Amino acid sequence: MSGPPFKRIGPRPLGLHLGLSSSTLSSALAALPLARENKIPWLDGLQEEADALAEDLKSHDLAHLMQVVGERAHFHVSEMLSGIKKYHAHSYTRSMEEPALLHQVGAMRLLDYAPKAPLGSPVVFIVPSLVNRDYILDLMEGRSFVRALAAAGLRPILVSWGAPGTSEQSYNIEDYLLKQLLPAFDMVCEANPGQTIHMLGYCMGGTLAVAAAQLRQSALSSLITLASPWNFHADLGAAAKMFLSQKMLWSSVVEQQGNMPVDILQSFFASLDPNLCLKKFGLFNRMDMDSQKAREFVAIEDWLNDGVPLARRAAMDCFTDWYTDNRPYRGKWTVDGQTINPEKLNIPVMIAVPKSDRIVPAASALGLAEQLSKPTVVTPPSGHIGMVVGRQAARGLWQDVIDWVTG
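What the sequence shown shows, in my numbering, is residues 7 to 413, in sequence order.
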């Protein structure tokens with residue numbers, strides 16, 4: 007799997023990130039007089055702190071405060087822009103050995119990271135998200151979840167969805183399950199009779215894996231979900247709700263484009279944490295560009311900007327059936343005529359819920375645990391992406407999965 011082209015264009019969509027950052031800082035200036043007069047409607051838990059802030063602000067000249075805040079805003083924007091410029095110019099490029107290709111149907115490939123594993127090695131069938139490249143699980147040397155599993159004596163087999171091709175253009179979510187995911191899983195089972203097989207899903211892939219596990223649980227030893235949304239209404243932020251409420255806008259885009267473009271998807275993720283670009287590129291600007299930390303930042307950012315569009319009908323399923331109607335959590339999601347209900351799972355289930363996930367709120371991932379009789383929940387001390395590639399991943403989530411499969 008080769009990485010993205012060297013010429014970088016991110017963070018995508020660049021105009022939106024710049025606009026959000028400028029808007030945030032402009033809002034700080036606009037809110038300063040109101041905060042000084044304690045006229046901002048704060049959340050109940052913040053009112054005592056807000057009262058103290060107002061008293062402190064009143065002890066300073068308003069014009070001076072406005073000048074100081076404006077200078078600070080200019081500093082943060084300048085630092086972010088400098089960080090983006092350094093990111094574009096960085097010399098890192100991804101270079102990883104290609105895994106063995108087991109099977110391909112349309113754009114979907116099945117990748118075997120331990121084809122020479124001894125007979126009887128536990129198989130981990132891994133389902134990533136449809137809207138991000140799978141190589142986040144094989145990012146770079148020392149930051150590869152799948153290669154860590156292989157080194158531990160497991161046989162990781164990774165679904166690589168690819169960008170929707172001719173055969174996938176008309177797919178909805180059910181089509182991805184019935185025409186690609188389940189046949190690929192069946193093929194792995196037939197090729198490994200009697201072996202222990204675990205299904206693991208990451209992010210949206212975990213939501214798909216719940217359905218696949220219910221439909222194939224007689225062949226499975228367990229199910230593992232990593233930061234996977236289930237209760238799609240839990241702790242959804244105001245900005246994300248506003249984005250989702252624009253149904254006519256994005257449905258029109260999908261109809262005209264034939265799919266959900268990458269930049270629209272990235273806009274949704276940006277709405278989950280509007281200030282992320284401002285913060286992370288400011289931090290990157292202060293890094294040593296020759297350091298391993300800087301290379302890791304660039305590797306992750308390249309992956310984030312190397313997204314894939316989502317087929318039109320699949321996109322409508324995600325935004326309407328999942329995020330608008332919350333069908334999985336409400337027991338209204340059907341696949342192949344069967345209602346997907348976690349209560350029907352009789353196999354062990356491990357649910358990983360990272361402590362600082364800004365993409366999938368903890369309450370959303372824990373919605374699955376609510377509907378299982380005896381789930382095992384682990385809480386990696388990291389975020390949605392750091393959980394699988396961060397500096398603590400090897401002794402954190404990676405080891406949790408290895409212990410679960412081999413225990």
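No residue lacks a Cβ here, since even glycine has one placed at the ideal position from N, Cα and C.
Here the structure is a predicted model, which means the values were calculated and not measured.
Here L136 carries a coil assignment [DSSP, helix/strand/coil].
Excluding five sequence positions before and after L22, the CB atoms of its chain that fall closer than 7 Å to its own CB belong to S273, A276, given in chain order. Within the stretch 20-77, no complete beta strand (DSSP E) segment of 3 residues or longer occurs. Within a 10 Å sphere around the beta-carbon of N352 sit fewer than 16 other beta-carbons, which makes this residue exposed. For Y208, the secondary structure class from DSSP, reduced to helix, strand or coil, is strand. Boundaries of the alpha helix (DSSP H) harbouring Q272: 268-278, taken from the DSSP string. Taking each of L136, I132, D140, L184 in turn and checking the Cα distance to R161, the smallest one comes out for I132.
With respect to the C-alpha of L183, the residue from Q201, V194, T213, A34 having the closest C-alpha is T213.
Membership of L116 in the beta strand (DSSP E) is indicated by the continuous run 114-118.
Cβ-Cβ distances below 6 Å link H239 to N332 in the same chain, with the five nearest sequence neighbours on each side left out; the list follows chain order.
Per the DSSP secondary-structure output, H94 pairs with nothing in a beta bridge. Non-local C-beta neighbours of A113 in its own chain, meaning closer than 8 Å and more than five positions away in sequence, comprise W167, G168, A169, P170, G171, S173, E174, ordered along the chain. DSSP places R18 outside both helix and strand once states are collapsed to three, so it counts as coil. Residue pairing by DSSP places N265 opposite A317 in a beta bridge.
The C-alpha of K299 lies about 8 Å from the C-alpha of M293.
In the structure shown, I306 adopts helical secondary structure according to DSSP, grouped into three states. Note on D308: 16 or more other CB atoms within 10 angstroms of its CB, so buried under the neighbour-count rule. For S297, the secondary structure class from DSSP, reduced to helix, strand or coil, is coil.
If you ignore the 5 residues before and after A217, its C-beta comes within less than 8 Å of the C-beta of L183, W339, V341, I346, all in its own chain and listed in chain order. Checking the DSSP bridge columns, you'll see F131 partnered with I163, M205. Q220 counts as buried, since no fewer than 16 other beta carbons sit within 10 angstroms of its beta carbon.
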